[in-house]
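Residue numbers for the sequence shown follow our numbering, beginning at 1340 and rising by one. C-beta atoms are modelled at their ideal positions from N, C-alpha and C, and glycine is treated no differently. Inspection log for the structure reproduced underneath, given as structure tokens.
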Amino acid sequence: MAAAEPLRLTVARCALNSAVICTTVATDELQLAVDLGRTARAAGFGCIAVLPFDAVAADGLDASDRGLLALLPPPTPPLLPRPQFCGKQYLSRRRQFHRMRLWRMLLEAGFHVLGVDPMLRLDRNPLPALG
1340 MAAAEPLRLT VARCALNSAV ICTTVATDEL QLAVDLGRTA RAAGFGCIAV
1390 LPFDAVAADG LDASDRGLLA LLPPPTPPLL PRPQFCGKQY LSRRRQFHRM
1440 RLWRMLLEAG FHVLGVDPML RLDRNPLPAL G
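Pasting the structure below:
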């Protein structure tokens, strides 16, 4: 559990009742995460946890947008599916690898996990519907 402590400190500001909204993004999808982060904040969460595929440049974001994201370091070495198992689904398969890693990291750190596709938006707090 000691390895999960730095992650817990990074992501704690995002949590609502120990639940964290999280997503994974390709390098060119950072704005999608920001948009999701805005709706998560409006729903009561502090921010969202984001595991990018590769290093992303958050420098281009203004301070308020950076505050919507708890950017986690990308995996080293990169999580890359074998192309022969993917065909046209390479990006989807890569996203699946990153989702599983992110969910495991957050669960091991003691959070409840709400994985959300970066293209989606929240229109309200989903926790009451989950019981």
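V1350 and H1451 have their alpha carbons spaced roughly 12 Å apart. C-alpha of F1392 to C-alpha of L1466: approximately 27 Å in a straight line. When rounded, the separation of the alpha-carbon atoms in C1386 and T1366 is 19 Å.
Under the criterion of beta carbons closer than 8 Å, L1441 and C1361 qualify as touching, at roughly 5 Å.
Nearest C-alpha to R1434 among L1371, D1456, A1409: D1456. Boundaries of the beta strand (DSSP E) harbouring T1362: 1358 to 1364, taken from the DSSP string. Bounds of the alpha helix (DSSP H) holding P1467 are 1466 to 1469. Under a 10 Å Cβ-count criterion, A1381 is classified as exposed, with fewer than 16 other Cβ atoms of the shown protein chains found around its own Cβ.
A straight-line Cα-Cα distance of about 18 Å links M1444 and N1356. The beta carbon of H1437 sits closer than 7 Å to the beta carbons of T1363, L1390, F1392, L1418 from its chain, once the five residues preceding and following it are set aside; these are given in chain order. Judged by beta-carbon spacing, A1358 lies within the 8 Å limit of L1453, meaning their Cβ atoms are closer than that value.
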